[in-house]
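Peer 1:
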Amino acid sequence: MTTAAHPPALHHLGGTLYAAQIPIPLPMKTVTVLIDLAPPVTLIDTSIHTPEAQQALEGALSELGLHWPDIERVIVTHIHPDHYGLAGLIEERSGASVQLLEQSIQQEWLWSDWNTHLPAQHRFFAEHGAPPEFGVGEAQTAEWVRPAVRLMPLLEGQSVPLSGAEWQVLWLPGHADGHLGLWQPETQTLIAGDAILPRITPNIGLYVDGRPDPLGDYFATLEKLQALNPVRAVVGHHGPVMEGVAARARDISEHHLERLDELLAAVRERPRHAYDLSFVLFARELPLTGRRFAVAETLAHAEYLRLGGAIDRSLENGVWVYHA
Ligand SMILES: [Zn+2]
Numbered sequence: 000m001t002t003a004a005h006p007p008a009l010h011h012l013g014g015t016l017y018a019a020q021i022p023i024p025l026p027m028k029t030v031t032v033l034i035d036l037a038p039p040v041t042l043i044d045t046s047i048h049t050p051e052a053q054q055a056l057e058g059a060l061s062e063l064g065l066h067w068p069d070i071e072r073v074i075v076t077h078i079h080p081d082h083y084g085l086a087g088l089i090e091e092r093s094g095a096s097v098q099l100l101e102q103s104i105q106q107e108w109l110w111s112d113w114n115t116h117l118p119a120q121h122r123f124f125a126e127h128g129a130p131p132e133f134g135v136g137e138a139q140t141a142e143w144v145r146p147a148v149r150l151m152p153l154l155e156g157q158s159v160p161l162s163g164a165e166w167q168v169l170w171l172p173g174h175a176d177g178h179l180g181l182w183q184p185e186t187q188t189l190i191a192g193d194a195i196l197p198r199i200t201p202n203i204g205l206y207v208d209g210r211p212d213p214l215g216d217y218f219a220t221l222e223k224l225q226a227l228n229p230v231r232a233v234v235g236h237h238g239p240v241m242e243g244v245a246a247r248a249r250d251i252s253e254h255h256l257e258r259l260d261e262l263l264a265a266v267r268e269r270p271r272h273a274y275d276l277s278f279v280l281f282a283r284e285l286p287l288t289g290r291r292f293a294v295a296e297t298l299a300h301a302e303y304l305r306l307g308g309a310i311d312r313s314l315e316n317g318v319w320v321y322h323a
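Using numbering that gives the first Met the number 0, the first residue of the sequence shown is number 0, and each one after it goes up by one.
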């Protein structure tokens, strides 16, 4: 069959488990969607709500002899658009139950109530020194998500059947507050989502209504990953499979410790708000969306330092200024 858009590469991960790499309009280029043919037929992550992603996922499913109504369960690693985006559409077409960690469900209103979330996010960034035009371009982000209506909570420690084995539900916060992982102890395999990635470090950001110390959370997650020491991990981007997880976790920890040192030195040099400090950690010119990630990541580092007592902050004319 010749089609204009060729179907995405399908990787057989063993047993009834497959990984499809679905195109996304983000620098990572693709996101991993796992497909398990064993009952209940399951997707892990959904990719993003764009026509291209939907078509690619339909192509991957049909290569495995599946159509939307065959999907019985959807597990979402975290609620970012590139992982959760198609959940509502899949729920509607299949009636599948959409399952996420309890901590993700608590934040899911961000998509289902975007009109409340957006002004709150603008106020949040303004309080950290961002210019007024900082919120421009947000409408697109909302279009990337079609929220599911009925969400089923998963709890850490619970086990779920997948590909003929029992997988343990893990909570791996940092990149997202409610980030889920699945661990199979016999094969030492981790379904990691974006909790760890080869080539790029997962964005660790502080956002409105998020947990107070995402970097502290992430250091704990990296410790957990080192202790698990998986033989292999299925990852959200640049995979679908990576090895050397424990070593990568150590390197990423090291990277964030260096960033903390840089930030501490900058705050000691002179008091500044997070928007200004973001140019210390991310000096190069970035598009608005990139700068937003940079400010959120800078804030995660600044708050880690502040909560540890290394720096402080005070409200000056409605803007939080960090000082040593
Ligand atoms: Zn992602």
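Just so you know, even glycine gets a beta-carbon here, dropped at the ideal spot from N, CA and C.
#1: Could I get the ranges of all uninterrupted beta strand (DSSP E) runs contained in the region 153-240, with 3 residues as the minimum, in chain order?
#2: Alpha carbon to alpha carbon, how far is Ala8 from Lys223? Give it in angstroms, no decimals.
#3: If you measure from the CB of Asp81, is any heavy atom of ligand 1 nearer than 8 angstroms?
#4: Who are the near neighbours of Glu315 in its chain, counting only those whose CB is closer than 8 angstroms to its CB and skipping five residues on each side?
#5: Less than 8 angstroms between the CB of His300 and some heavy atom of ligand 1, yes or no?
#6: Measure the alpha-carbon distance for Leu99 versus Leu227 and round it to whole angstroms.
#7: Which ranges does the alpha helix (DSSP H) cover as unbroken runs of at least 4 residues, wholly within the region 269-299, from first to last along the chain?
#8: List the whole-angstrom C-beta distance separating Gln102 from Trp170, where the pair is believed to meet the contact cut-off of C-beta under 8 angstroms.
#9: Going by Cα to Cα distance, which pick from Leu63, Thr140, Ile190, Pro131 is closest to His116?
#10: CA-CA distance, Thr2 and Ala95?
#11: For chain B, is any of its Cβ atoms less than 9 angstroms away from the one on Glu57?
#12: Considering only residues of the same chain and omitting the five flanking positions on each side of His10, which have a CB-CB separation below 6 angstroms?
#13: Quick check on DSSP: helix, strand or coil for Glu315?
#14: Decide if the region 159-174 is in contact with the region 264-274; the criterion is three or more beta carbon pairs, one per stretch, under 8 angstroms apart.
#15: Verify whether the separation of the beta carbon atoms of Asp44 and Val75 is less than 9 angstroms.
#16: Quick check: does the Cβ of Asp193 come within less than 8 angstroms of any heavy atom belonging to ligand 1?
#17: Please report how far the alpha carbon of Leu161 lies from the alpha carbon of Ile195, in whole angstroms.
#18: Assign Gln157 to one of two classes, buried (16 or more other C-beta atoms within 10 Å of its C-beta) or exposed (fewer than that).
Peer 2: Reading off the structure:
#1: 158-161, 164-170, 179-183, 188-192, 231-234
#2: Within the sequence shown, residue 223 is the residue found at index 224, counting from 1. Within the sequence shown, residue 8 is the residue found at index 9, counting from 1. Distance between the alpha carbons of Lys223 and Ala8 is about 31 angstroms.
#3: In the sequence shown, the residue the question calls residue 81 occupies position 82. With a threshold of 8 angstroms, the Cβ atom of Asp81 counts as near ligand 1, since some heavy atom of the ligand is closer than that.
#4: Mapped onto the sequence shown, residue 315 falls at position 316. Here the set comprises nothing.
#5: To locate residue 300, count along the sequence shown from 1; it is residue 301. Checking the Cβ of His300 against ligand 1 gives no.
#6: For the purposes of this step, residue 99 is identified with residue 100 of the sequence shown, where counting begins at 1. For the purposes of this step, residue 227 is identified with residue 228 of the sequence shown, where counting begins at 1. Roughly 22 angstroms between the two C-alpha positions.
#7: 273-280
#8: On the sequence shown, position 103 is the one that residue 102 refers to. On the sequence shown, position 171 is the one that residue 170 refers to. Yes, Gln102 and Trp170 are in contact; Cβ-Cβ is about 7 angstroms, under 8 angstroms.
#9: Indexing the sequence shown from 1 puts residue 116 at position 117. The shortest Cα separation from His116 among Leu63, Thr140, Ile190, Pro131 belongs to Thr140.
#10: For the purposes of this step, residue 2 is taken as residue 3 along the sequence shown, with counting starting at 1. For the purposes of this step, residue 95 is taken as residue 96 along the sequence shown, with counting starting at 1. Model confidence at Thr2 stands at a pLDDT of 44, short of 50, so the residue's coordinates are unreliable; what they give is reported in the following sentence. So the two alpha carbons sit approximately 29 angstroms from each other.
#11: Considering every chain present, this structure includes no chain B. It has just one protein chain.
#12: Sequence index remark: in the sequence shown, residue 10 carries index 11 (1-based). Contacts found: Ala18, Pro239.
#13: Here residue 315 is taken as the residue at index 316 of the sequence shown, counted from 1. The answer is strand: DSSP assigns Glu315 an E or B state.
#14: no
#15: By 1-based counting over the sequence shown, the position of residue 44 is 45. By 1-based counting over the sequence shown, the position of residue 75 is 76. In contact: Asp44 and Val75 (Cβ atoms closer than 9 angstroms).
#16: Working through the sequence shown from its first residue, we reach residue 193 at position 194. Yes - ligand 1 has a heavy atom lying nearer than 8 angstroms to the Cβ of Asp193.
#17: Start at 1 with the first residue of the sequence shown, and residue 161 comes out as number 162. Start at 1 with the first residue of the sequence shown, and residue 195 comes out as number 196. A straight-line Cα-Cα distance of about 21 angstroms links Leu161 and Ile195.
#18: In the sequence shown, residue 157 corresponds to position 158, counting from 1. Exposed is the call here.
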